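Protein sequences, first through last, are from chains Z and L. At position 58 of the first sequence the residue is numbered 58 (full-length UniProt numbering), and the sequence of numbers has no breaks. At position 111 of the second sequence the residue is numbered 111 (full-length UniProt numbering), and the sequence of numbers has no breaks. The beta carbon of each residue, even a glycine, is placed where N, CA and C say it ideally should be. Just so it is clear, the structure is predicted and the values come from calculations on it, not from any experiment.
2 protein chains.
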Amino acid sequence: MNTKQKRKLDKIDLNILRTLQENGRISYVDLADIVGLSTTPCMERVKRLEKDGLIQGYYARIDPQAMGYGMLVFVEISLSYQSPDAFLKFNKAVASLPYVLECHLVSGDADFLIKARIADMSEYRALLGEMLLTLPGVKNSKSYIVMEEVKETLSLPINPSSPRG
Amino acid sequence: MNTKQKRKLDKIDLNILRTLQENGRISYVDLADIVGLSTTPCMERVKRLEKDGLIQGYYARIDPQAMGYGMLVFVEISLSYQSPDAFLKFNKAVASLPYVLECHLVSGDADFLIKARIADMSEYRALLGEMLLTLPGVKNSKSYIVMEEVKETLSLPINPSSPRG
DNA sequence: TTTAAATACAAAAAAATAATCTGTCAAAGA
DNA sequence: TCTTTGACAGATTATTTTTTTGTATTTAAA
């Protein structure tokens, strides 16, 4: 197993996670202050949380608009054959597409749900026509073009009762 | 305007953004080394990129599974009335729901597309029945339950030709 | 063309933080 | 009780961040 937690997460650990989740570049000094520890044990906890895989990485969020990705779109994809091999091939192909930020295998009407950022309509057409629809085994697609991003966050609700699993 | 770029982004800026996007906690010393500057101008650039809104924040990614959010679901929501007021009310209500990580106003069959993480089926039922479907003006919904997360990243493709806008 | 102002940079110095080390305390088990 | 283990604070050292200083280059005005 990858996520082996030898020790249970206590309130302080959850506080650390909650804080880093919102402020990934906070100093250990400030973090220690927030969670009520001195820096040494605070840092030890962070390192352990990283090692145990609870903290999966630190990322800066870059303004998509400013990078020329003014358009956000979700695309449903259905495959002709739902064989394991077809799924595997599709997975591999789609994961390497740079515009594709997310791809999920879903139950329901479609087979895959893809989230992609592109510059504009012409790039969207290119993405769909030249990249997605030409992937192995694709039958059809349906797109949801985002008109307004109401909410977008990575932050999970972390409170004293988490984790609940 | 919020994203006022007084200066155009050069190759070094893009390199900084690309690096921070993947490693949000890198030190300025190391970052400067990567982009080929000394620490002072490197840090000045980062500060400016933050001030100008190109860097929107730094975030640690926490393992959802370990936090008790083993289930990922996308929910399409249609409203009965597509009035601006109805949208506004729905926006406000859904943005405050903790399980909802994303909510987008979309064109296409549905009105909103929501991404939510919950613990399990019973929490999903509660989310749908007690939170989403009781929001003002909701007509109906359709869910895509994620069986496998093929790809999930925040990283935009940033190369020397970006931004292209 | 020359001068002045602005910008970007490197290098050095100061301040702050990260990382390591040491010792104490408390809990768990022999 | 004694020992071991784990978590912690405080001190120390190493490293990084931040500020300061000075230089080179560019831009705009004289």
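Original post:
How would you call residue 18(Z), buried or exposed, if buried means at least 16 neighbouring beta carbons within 10 angstroms?
Top reply: Counting from 1 along the first sequence, the entry for residue 18(Z) is found at position 18. Burial state of residue 18(Z) is buried, judged by a 10 Å Cβ sphere holding 16 or more other Cβ atoms.
Subject >> residue 140(L) (DSSP reduced to helix, strand or coil) >> reply: Position 140 of the second sequence, counting from 1, holds the residue named residue 140(L). It is a strand residue.
**OP:** Whole angstroms is fine: what's the gap from residue 1(Z)'s alpha carbon to residue 53(Z)'s?
**Re:** Counted from its first residue, the first sequence places residue 1(Z) at position 1. Counted from its first residue, the first sequence places residue 53(Z) at position 53. Residue placement at residue 1(Z) cannot be trusted, given a pLDDT of 38 that sits under 50; what the coordinates show is reported in the next sentence. The C-alpha of residue 53(Z) is placed about 11 Å away from the C-alpha of residue 1(Z).
Original post:
What residues from the segment 51-69 of chain L come within 7 Å of chain Z, judged by C-beta to C-beta, listed N to C?
Top reply: Listed in sequence order: 53, 54, 55, 56, 57, 58, 59, 60, 61, 62, 63, 64, 65, 66, 67, 68, 69.
Original post:
Between the segment 113-123 of chain Z and the segment 65-77 of chain Z, do three or more beta carbon pairs fall short of 8 Å?
Top reply: Taking one beta carbon from each stretch, the segment 113-123 of chain Z and the segment 65-77 of chain Z have 3 or more pairs nearer than 8 Å; the two touch.
**OP:** Inspect the beta-carbon positions of residue 154(Z) and residue 154(L) and report whether they are closer than 9 Å.
**Re:** Working through the first sequence from its first residue, we reach residue 154(Z) at position 154. Working through the second sequence from its first residue, we reach residue 154(L) at position 154. Against a cut-off of 9 Å, the Cβ pair of residue 154(L) and residue 154(Z) comes out as a contact.
Original post:
Quick one, which of 161(Z), 148(Z), 145(Z), 78(Z) has its alpha-carbon nearest residue 134(Z)'s?
Top reply: Along the first sequence, one-based indexing puts residue 134(Z) at 134. A check of alpha carbon separations from residue 134(Z) across 161(Z), 148(Z), 145(Z), 78(Z) identifies 78(Z) as the nearest.
**OP:** With residue 122(Z) as the anchor, note down where its beta strand (DSSP E) starts and where it stops.
**Re:** As a working mapping, residue 122(Z) is identified with position 122 in the first sequence. Taken as a continuous stretch (DSSP letters only), residue 122(Z) belongs to no beta strand (DSSP E), being part of the alpha helix (DSSP H) at 121-126.
Original post:
List, in order along the chain, the chain Z residues whose C-beta lies closer than 9 Å to that of residue 23(L)?
Top reply: Translated into the one-based positions of the second sequence, residue 23(L) becomes position 23. From the beta-carbon of residue 23(L), the residues of chain Z found nearer than 9 Å are 57, 58, 59, 60.
Subject >> Helix, strand or coil at residue 57(Z) [DSSP, three-state] >> reply: Taking the first residue of the first sequence as position 1, residue 57(Z) is located at position 57. Three-state result, residue 57(Z): strand.
Original post:
In chain order, what residues of the same chain lie with their CB nearer than 6 Å to the CB of residue 146(L), ignoring the 5 residues before and after it?
Top reply: Position 146 of the second sequence, counted from the start, is the residue given in the question as residue 146(L). Beyond the five residues adjoining it in sequence on each side, residue 146(L) comes within less than 6 Å, by CB distance, of 72 in the same chain, given in chain order.
Original post:
Cβ of residue 147(Z) less than 9 Å from any chain L Cβ?
Top reply: In the first sequence, counting from the first residue as 1, residue 147(Z) sits at position 147. Yes, its Cβ sits closer than 9 Å to a Cβ of chain L.
**OP:** Specify the secondary structure class of residue 147(L) as computed by DSSP and reduced to three states.
**Re:** Along the second sequence, read from residue 1 onward, the residue named residue 147(L) stands at position 147. DSSP, read as helix, strand or coil, puts residue 147(L) in strand.
Original post:
From 104(Z), 50(Z), 55(Z), pick the residue whose C-alpha is nearest to that of residue 76(Z); which is it?
Top reply: Counted from its first residue, the first sequence places residue 76(Z) at position 76. For the residues 104(Z), 50(Z), 55(Z), the minimum Cα distance to residue 76(Z) belongs to 104(Z).
**OP:** Kindly list, in the order they appear in chain L, the residues whose Cβ is closer than 7 Å to that of residue 137(Z).
**Re:** Mapped onto the first sequence, residue 137(Z) falls at position 137. The premise fails here: residue 137(Z) is roughly 14 Å from chain L at the closest Cβ pair, so nothing lies under 7 Å.
**OP:** From the DSSP output, in three-state form, read off residue 165(Z) for me.
**Re:** For the purposes of this step, residue 165(Z) is taken as the residue at position 165 of the first sequence. Because the pLDDT of residue 165(Z) is 37, which lies under 50, any placement of that residue in the model is unreliable, and the number read from its coordinates should be weighed accordingly. DSSP places residue 165(Z) in coil when its eight states are reduced to three.
**OP:** Check whether the Cβ of residue 155(L) sits closer than 8 Å to any heavy atom of the ligand SAH, and report yes or no.
**Re:** Ligands in the displayed structure: none, and consequently the ligand SAH is not present.
Original post:
At which residues does the alpha helix (DSSP H) containing residue 12(Z) begin and terminate?
Top reply: Start at 1 with the first residue of the first sequence, and residue 12(Z) comes out as number 12. Residue 12(Z) -> alpha helix (DSSP H) spans 11-22.
**OP:** Could you tell me the distance, in whole angstroms, from the CA atom of residue 102(L) to the CA atom of residue 61(Z)?
**Re:** In the second sequence, the residue the question calls residue 102(L) occupies position 102. In the first sequence, the residue the question calls residue 61(Z) occupies position 61. The alpha-carbon atoms of residue 102(L) and residue 61(Z) are separated by roughly 15 Å.
Subject >> Exposure of residue 115(Z), with buried meaning 16 or more beta-carbon neighbours within 10 Å >> reply: Indexing the first sequence from 1 puts residue 115(Z) at position 115. Buried, since its Cβ has 16 or more Cβ neighbours within 10 Å.
Original post:
Going by the beta-carbon positions, is the gap between residue 16(Z) and residue 35(Z) smaller than 9 Å?
Top reply: In the first sequence, residue 16(Z) corresponds to position 16, counting from 1. In the first sequence, residue 35(Z) corresponds to position 35, counting from 1. The answer is yes: Cβ separation under 9 Å.
Subject >> Whole-angstrom distance between residue 49(L) and residue 43(Z), CA atom to CA atom >> reply: Position 43 of the first sequence, counted from the first residue, corresponds to residue 43(Z). Position 49 of the second sequence, counted from the first residue, corresponds to residue 49(L). Approximately 28 Å, taken between the alpha carbons.
**OP:** Tell me whether residue 123(L) is buried or exposed, calling it buried when 16 or more other Cβ atoms sit within 10 Å of its Cβ.
**Re:** Start at 1 with the first residue of the second sequence, and residue 123(L) comes out as number 123. With a threshold of 16 other beta carbon atoms within 10 Å, residue 123(L) meets it and is buried.
Original post:
Buried or exposed: where does residue 29(L) fall if 16 or more other Cβ atoms within 10 Å of its Cβ makes it buried?
Top reply: Position 29 of the second sequence holds residue 29(L). It counts as exposed.
Original post:
Quick one: is residue 142(L) near chain Z, going by C-beta distance under 9 Å?
Top reply: Stepping through the second sequence from its first residue, residue 142(L) is reached at position 142. Yes, residue 142(L) counts as interfacial toward chain Z.
Subject >> CB-CB length for residue 137(L) against residue 86(L), believed under 8 Å >> reply: Along the second sequence, one-based indexing puts residue 137(L) at 137. Along the second sequence, one-based indexing puts residue 86(L) at 86. Between residue 137(L) and residue 86(L) a beta carbon distance of about 4 Å is seen, short of the 8 Å cut, so the two are scored as contacting.
Original post:
the segment 77-101 of chain L: which residues have C-beta closer than 8 Å to a C-beta of chain Z, in chain order?
Top reply: Residues passing the 8 Å Cβ filter: 91, 94, 95, 98, 99, 100, 101.
Subject >> Proximity test, Cβ basis, 9 Å: residue 134(L) and chain Z >> reply: In the second sequence, counting from the first residue as 1, residue 134(L) sits at position 134. No, residue 134(L) does not count as interfacial toward chain Z.
Original post:
Among residues of its own chain, excluding the 5 on either side of residue 31(Z), which ones have a beta-carbon nearer than 7 Å to its beta-carbon?
Top reply: Taking the first residue of the first sequence as position 1, residue 31(Z) is located at position 31. Excluding five sequence positions before and after residue 31(Z), the CB atoms of its chain that fall closer than 7 Å to its own CB belong to 16, 19, 42, given in chain order.
Original post:
Helix, strand or coil: which one does DSSP assign to residue 170(L)?
Top reply: Only positions 1 to 165 of chain L appear in the structure, and residue 170(L) is not among them; the question remains open.
Original post:
Do you know offhand how far residue 91(L)'s Cα is from residue 33(L)'s?
Top reply: In the second sequence, residue 91(L) corresponds to position 91, counting from 1. In the second sequence, residue 33(L) corresponds to position 33, counting from 1. Residue 91(L) and residue 33(L) have their C-alpha atoms roughly 44 Å apart.
Original post:
Taking buried to mean at least 16 other C-beta atoms within 10 Å of its own C-beta, is residue 82(Z) buried or exposed?
Top reply: Residue numbering aside, residue 82(Z) sits at position 82 when the first sequence is read from its first letter. The residue is exposed, with fewer than 16 neighbouring Cβ atoms inside 10 Å.
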